[in-house]
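A.B. asks:
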Ligand SMILES: [Zn+2]
């Protein structure tokens, strides 16, 4: 990545991240019940469009730098939603409402054990759309029960993701699982192809840090490139697993 672009993405990342944190604080202060909490989560989700467009203005949301920029802010977005939803009060939810919600959310994709932020965001978007479609004609009482059930479910998904980023070891595992998802989303300059991983190597870089270097090849034009994923928590993992296990991940 060239230094100017790097600095520009860094600046935008800080600016947009701070705006998300600020919005979360404001929204949380205004939330009184499940409907407000769902509204706040939607309002935060709607802010994704902004940084997604920014990635497009400065390159593409599907080139390597753009994907990393969006993934970083997706994480900030989910942390912000987690903060807002952590204010929910545990209600005595009628079992009936949980059961009905399951019916409403049938057919949504399941999350992998170490999801990338966008997977959680897509799931939330789909869940909100399904919920809206299925609850249009409900009585206010029925709707309130289902809203409470949905808040609990959404909070569980979001917190599950945030939890995969809390310790160095978990961060390392989710960083590694994100690599192939970045390659799968990366567009080739030929406009037609997607890349596939040809080779993968763990490297120690100059400052003693580690990167996973992936050699990738476009399935359409055959263009090859190498992308490097920083693994800032590799050393933590190596320390935890002890000598003899240091090079596995
Ligand atoms: Zn190509």
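Residue numbers (the working numbering): 1185 to 1433.
For every residue, glycine included, the Cβ atom is placed at its ideal position computed from N, Cα and C.
Suppose you measure from the CA of residue 1431 to the CA of residue 1299; what does that come to, to the nearest Å?
C.D. replies: Here residue 1431 refers to the residue found at position 247 of the chain shown. Here residue 1299 refers to the residue found at position 115 of the chain shown. Reliability of the predicted coordinates at residue 1431 is poor, the pLDDT of 45 falling under 50, and no value is obtained from them.
A.B. asks: Taking only three categories from DSSP, how would you classify residue 1206?
C.D. replies: If you number the chain shown from 1, residue 1206 lands on position 22. The answer is helix: DSSP assigns residue 1206 an H, G or I state.
A.B. asks: Just to confirm the assignment: which complete alpha helix (DSSP H) runs, minimum length 4, are found wholly within the stretch 1227-1261?
C.D. replies: List check, alpha helix (DSSP H) in window: 1232-1241.
A.B. asks: Residue range of the beta strand (DSSP E) that residue 1408 falls in?
C.D. replies: For the purposes of this step, residue 1408 is taken as residue 224 along the chain shown, with counting starting at 1. 1408-1414 is the extent of the beta strand (DSSP E) around residue 1408.
A.B. asks: If you run the structure through DSSP and keep just helix, strand and coil, what is residue 1277?
C.D. replies: Position 93 of the chain shown, counted from the first residue, corresponds to residue 1277. Coil.
A.B. asks: May I have the straight-line CA-CA distance separating residue 1364 from residue 1381, to the nearest angstrom?
C.D. replies: Locating residue 1364 in the chain shown gives position 180, where the first residue counts as 1. Locating residue 1381 in the chain shown gives position 197, where the first residue counts as 1. Looking at the two C-alpha atoms, the distance is approximately 8 Å.
A.B. asks: Measuring only the C-alpha atoms, how far is residue 1200 from residue 1335?
C.D. replies: In the chain shown, residue 1200 corresponds to position 16, counting from 1. In the chain shown, residue 1335 corresponds to position 151, counting from 1. Cα to Cα, the separation comes out at about 25 Å.
A.B. asks: Do residue 1292 and residue 1303 have their C-beta atoms within less than 8 Å of each other?
C.D. replies: Here residue 1292 refers to the residue found at position 108 of the chain shown. Here residue 1303 refers to the residue found at position 119 of the chain shown. Going by C-beta atoms, residue 1292 is not nearer than 8 Å to residue 1303.
A.B. asks: In angstroms, rounded to a whole number, what distance separates the CA positions of residue 1228 and residue 1406?
C.D. replies: In the chain shown, the residue the question calls residue 1228 occupies position 44. In the chain shown, the residue the question calls residue 1406 occupies position 222. Taking the straight line from one Cα to the other gives about 40 Å.
A.B. asks: Going by beta-carbon coordinates alone, are residue 1308 and residue 1319 separated by less than 8 Å?
C.D. replies: Here residue 1308 refers to the residue found at position 124 when the chain shown is read from its first residue. Here residue 1319 refers to the residue found at position 135 when the chain shown is read from its first residue. Not a contact, by the Cβ cut-off of 8 Å.
A.B. asks: Taking 8 Å as the cut-off, decide whether the C-beta atoms of residue 1314 and residue 1288 are in contact.
C.D. replies: For the purposes of this step, residue 1314 is taken as the residue at position 130 of the chain shown. For the purposes of this step, residue 1288 is taken as the residue at position 104 of the chain shown. Closer than 8 Å, so yes.
A.B. asks: For residue 1415, which of 1409, 1356, 1238 and 1258 has the nearest alpha-carbon?
C.D. replies: Counted from its first residue, the chain shown places residue 1415 at position 231. With distances taken between Cα atoms, residue 1415 lies closest to 1356.
A.B. asks: In terms of DSSP beta bridges, what is residue 1372 paired with?
C.D. replies: Position 188 of the chain shown, counted from the first residue, corresponds to residue 1372. According to DSSP, which records beta bridges pairwise, residue 1372 is partnered with nothing at all.
A.B. asks: For residue 1270, which option in 1373, 1277 and 1262 has the closest C-alpha, if you only look at C-alpha atoms?
C.D. replies: Position 86 of the chain shown, counted from the start, is the residue given in the question as residue 1270. Residue 1270 has its Cα closest to that of 1262, out of 1373, 1277 and 1262.
A.B. asks: I'd like the list of long-range same chain contacts for residue 1282, defined as Cβ closer than 7 Å, with 5 residues on each side in sequence excluded.
C.D. replies: Counting from one through the chain shown, the residue named residue 1282 turns up at place 98. Contacts found: 1333.
A.B. asks: Using C-beta distances below 7 Å, list every residue in its chain close to residue 1285, excluding the 5 sequence neighbours before and after it, in chain order.
C.D. replies: As a first step, residue 1285 must be located in the chain shown, where it is residue number 101. Cβ within range, chain order: 1330, 1333, 1334 and 1337.
A.B. asks: Report all residues from its chain with a CB closer than 6 Å to the CB of residue 1204; omit the five preceding and five following residues, and keep chain order.
C.D. replies: Counting from one through the chain shown, the residue named residue 1204 turns up at place 20. Only 1260, 1261 and 1264 meet the Cβ criterion.
A.B. asks: For residue 1232, count neighbouring C-beta atoms within 10 Å of its own C-beta (all shown protein chains included) and say buried if the count is 16 or more, exposed if not.
C.D. replies: Mapped onto the chain shown, residue 1232 falls at position 48. Buried.
A.B. asks: Tell me the rounded alpha-carbon separation between residue 1340 and residue 1194.
C.D. replies: As a working mapping, residue 1340 is identified with position 156 in the chain shown. As a working mapping, residue 1194 is identified with position 10 in the chain shown. Cα-Cα distance, rounded: 30 Å.
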